[in-house]
Structure formats: structure tokens, C-alpha cells
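Residue numbers (my numbering): 75 to 245. Glycine residues also receive a C-beta, built at the ideal position from the N, C-alpha and C atoms. One structure is given here, and the rest of the page talks about it.
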């Protein structure tokens, strides 16, 4: 079975975000926290350690829940003719495996909405896109903030980035 060039290009482009974020994370993070954010070396290492711990905790949890969300891929993707219009204007699907949220989104949303593990990958990618600039950008008014105030900001951002990076990378 041969893949078209468009499909091959899509697969290649889809992984670029992960590789760019990973290379910046593993090579630049300690330097950024030490010299860019001006936190002591031990706290910079603590930030990286918390990120790695978040990654380690997210791995089995995301694996378990993504396995449980796997759907039957033997059926074709959703199409507009699978839906009927309800009296309130929403779309309803006659198939049993469609969730309430999907029933109320309408068929236009469902034609591109990822399902199963693709939904996990899509959500993880969106969180990486959201959290990466927060990680390497300075919060407004943080130039004169205390070290602990900076840590209170960066620890949840690092945790979100590491957990979402794993979801978009491994799923």
C-alpha cells in the first residue's frame, strides 16, 4: 500500500512541533532558568525535576485512559448523512457509540473532529502550543518578583507542558 505525498508530508509536519519543543526543553531549560529567569541553580534543577516527574506520572495514566478511549476504526469516518436534524436544530446520530457532546456539536464539527487516540494527540498538541510560550516567556511584571513567586508560576506551567508533551508525543 502506497501513501500519497500529501499524507507523507502531513505525517512529517505533525511531528516537527514535538521535536522542536523537546530539543529546546532538553538543551536550553536549565540555562534559561539560571540566566534568563535568575533563579538559583538548585531551583532551576528542581523545576526540571518536577517536569520529569510529571512526565513519569502522566505516562501510565494517559496510556490507561487512551487505551480505554480507543474506538472501532473498522467503520468509516462520520459523514453528514449519518445524522438527522432534531427539532431544536442540533444534529443527532443514530449510532450508539456517539457521545452526547458529539450529538450536540453538529455534523460539520464531527467531519474533522478526531476520535480515539487521535483526540488525545490533538488535545496534547494544543496544550503544548499553549504551554510552551508560557514556559519560555516572562510573565508580565515578573522582573522584580521574588524567586518563590517565579517558582509558583513556573512549576504548574512546566507540569502542564511535560504532561501534554508526552500525550502528543507518545499517543
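Residue 91 and residue 202 closer than 8 Å at C-beta: Taking the first residue of the chain shown as position 1, residue 91 is located at position 17. Taking the first residue of the chain shown as position 1, residue 202 is located at position 128. It is a contact, given that the beta carbons lie within the stated cut-off.
For residue 315, the three-state DSSP class (helix, strand or coil): Within the shown structure, residues of the chain are numbered from 75 to 245, placing residue 315 beyond reach of any answer.
Per-residue DSSP class, three states only, for residue 123: For the purposes of this step, residue 123 is taken as the residue at position 49 of the chain shown. Correct three-state label for residue 123: helix.
beta-carbon residue 132 near the ligand FAD non-hydrogen atom, thresh 7 Å: As presented, the structure is devoid of all ligands, the ligand FAD included, so that no description of it is given.
Own chain, CB closer than 8 Å to residue 93, minus 5 neighbours either side, in chain order: As a working mapping, residue 93 is identified with position 19 in the chain shown. Here the set comprises nothing.
For residue 204 and residue 83, the rounded distance between their alpha carbons: Here residue 83 refers to the residue found at position 9 when the chain shown is read from its first residue. Here residue 204 refers to the residue found at position 130 when the chain shown is read from its first residue. Computed Cα separation, rounded: 24 Å.
Residue 111 and residue 224 closer than 8 Å at C-beta: Along the chain shown, read from residue 1 onward, the residue named residue 111 stands at position 37. Along the chain shown, read from residue 1 onward, the residue named residue 224 stands at position 150. Going by C-beta atoms, residue 111 is nearer than 8 Å to residue 224.
Nearest neighbour of residue 233, chosen from 128, 208, 191, 137 [CA to CA]: Translated into the one-based positions of the chain shown, residue 233 becomes position 159. Out of 128, 208, 191, 137, 128 has the C-alpha closest to the C-alpha of residue 233.
CB-CB length for residue 194 against residue 136, believed under 8 Å: Counting from one through the chain shown, the residue named residue 194 turns up at place 120. Counting from one through the chain shown, the residue named residue 136 turns up at place 62. At roughly 7 Å, the Cβ-Cβ gap stays under 8 Å, so residue 194 and residue 136 are in contact.
From 78, 140, 215, 113, residue whose alpha carbon lies closest to that of residue 190: Residue mapping note: residue 190 aligns to position 116 of the chain shown, counting from 1. The candidate whose alpha carbon is nearest that of residue 190 is 140.
CB contact flag (residue 200, residue 235, <8 Å): To locate residue 200, count along the chain shown from 1; it is residue 126. To locate residue 235, count along the chain shown from 1; it is residue 161. Against a cut-off of 8 Å, the Cβ pair of residue 235 and residue 200 comes out as no contact.
Beta-carbon spacing of residue 240, residue 132 below 8 Å: Within the chain shown, the letter at position 166 stands for residue 240. Within the chain shown, the letter at position 58 stands for residue 132. Going by C-beta atoms, residue 240 is nearer than 8 Å to residue 132.
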